[in-house]
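Trainee: Using the numbering used here, read the sequence shown as starting at 316 and increasing by one per residue. Each residue gets a CB set at the ideal place from its N, CA and C atoms; glycine is no exception. Computed from a predicted structure; not experimentally measured.
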Amino acid sequence: MIKLKDILFERKTTYIFDFDDTIAKSDSWVYVKKDDKIIKKLDAAEFAVYTAKQGEEFDFRDFDRKIRNPRLIKKNADLLKKQLNKGGRKVTILTARRLGAPINHFFKSVGIQPYVVTLGSADPQKKADYVEQQIHKGYTTIYFMDDSHKNVRAVKALQRKYPNVMINAKLA
Numbered sequence: 316m317i318k319l320k321d322i323l324f325e326r327k328t329t330y331i332f333d334f335d336d337t338i339a340k341s342d343s344w345v346y347v348k349k350d351d352k353i354i355k356k357l358d359a360a361e362f363a364v365y366t367a368k369q370g371e372e373f374d375f376r377d378f379d380r381k382i383r384n385p386r387l388i389k390k391n392a393d394l395l396k397k398q399l400n401k402g403g404r405k406v407t408i409l410t411a412r413r414l415g416a417p418i419n420h421f422f423k424s425v426g427i428q429p430y431v432v433t434l435g436s437a438d439p440q441k442k443a444d445y446v447e448q449q450i451h452k453g454y455t456t457i458y459f460m461d462d463s464h465k466n467v468r469a470v471k472a473l474q475r476k477y478p479n480v481m482i483n484a485k486l487a
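So, in structure tokens, the structure goes:
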């Protein structure tokens, strides 16, 4: 029997996963440029911890193309599939990429169809802003998984602002 207090305090849950180096690895590079010359290339894991030096800028051209040599990270992909199969929950891929088509194409090729949100920015605050939007939409339980310490830290910081929301932000 459903009790009135259970209906009144029902928690609305969302699962938010990063894509690169969380759900899949690829041969996409972030190029570090200085004076319009490429001085190094970083994979997604290296980029996640890299701090640009003065005069350096990032070139994300590989992330606007078809995903090269994509490989699922089995443990995390299985968790994504499990949440998608449960139903009744919002499951989102939240990516710093500008274009969703390459990710949607990849997921279609492996038989998964999550909702993909592109930010077009590697700024950790952009991911935190998206999570905060979900809180404003009434989500009270948020599971967030990302390979970047900076992104996880930005999302965890929301807990102070929203103490009644359960935010479980984990490093992939």
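Tell me the start and end of each unbroken alpha helix (DSSP H) in the region 390 to 452 that is at least 4 residues and wholly inside, in chain order.
Mentor: 416 to 424, 439 to 451
Trainee: Alpha carbon to alpha carbon, what distance is there between K348 and S436?
Mentor: 17 Å
Trainee: Quick check on D350: buried or exposed, where buried means 16 or more other Cβ atoms within 10 Å of its Cβ?
Mentor: exposed
Trainee: Count the other CB atoms within 10 Å of the CB of L486; is the residue buried (16 or more) or exposed (fewer)?
Mentor: Counting Cβ neighbours within 10 Å, L486 comes out exposed, since fewer than 16 surround it.
Trainee: From the DSSP output, which residues share a beta bridge with I388?
Mentor: For I388, which the question treats as bridged, DSSP gives no partner whatsoever.
Trainee: Which value, in whole angstroms, describes the spacing of the CA atoms of F378 and T410?
Mentor: 10 Å
Trainee: Between the region 327 to 337 and the region 443 to 457, do three or more beta carbon pairs fall short of 8 Å?
Mentor: yes
Trainee: Can you confirm whether the region 388 to 407 touches the region 351 to 369 when touching is taken to mean that 3 or more C-beta pairs between the two stretches lie within less than 8 Å?
Mentor: The region 351 to 369 makes no contact with the region 388 to 407, as fewer than three CB pairs between them are under 8 Å.
Trainee: Would you report the Cα separation of Y445 and N466, rounded to the nearest angstrom?
Mentor: 11 Å
Trainee: Whole beta strand (DSSP E) runs in the region 332 to 390 with 3 or more residues, listed along the chain?
Mentor: 345 to 349, 352 to 357, 371 to 374
Trainee: Looking at the structure shown, is A472 part of a helix, part of a strand, or coil, going by DSSP?
Mentor: coil
Trainee: Please confirm if the region 361 to 374 is in contact with the region 383 to 402, defined as three or more CB-CB distances below 8 Å between the two stretches.
Mentor: no
Trainee: How many whole angstroms separate the CB atoms of D462 and T337, which I take to be in contact at a CB cut-off of 8 Å?
Mentor: 5 Å
Trainee: Could you pull the DSSP bridge partners for Y330 from this structure?
Mentor: V406, Y458
Trainee: Using CA atoms only, rank isn't needed, just tell me which of R380, K355, K423, R468 is closest to K368.
Mentor: K355
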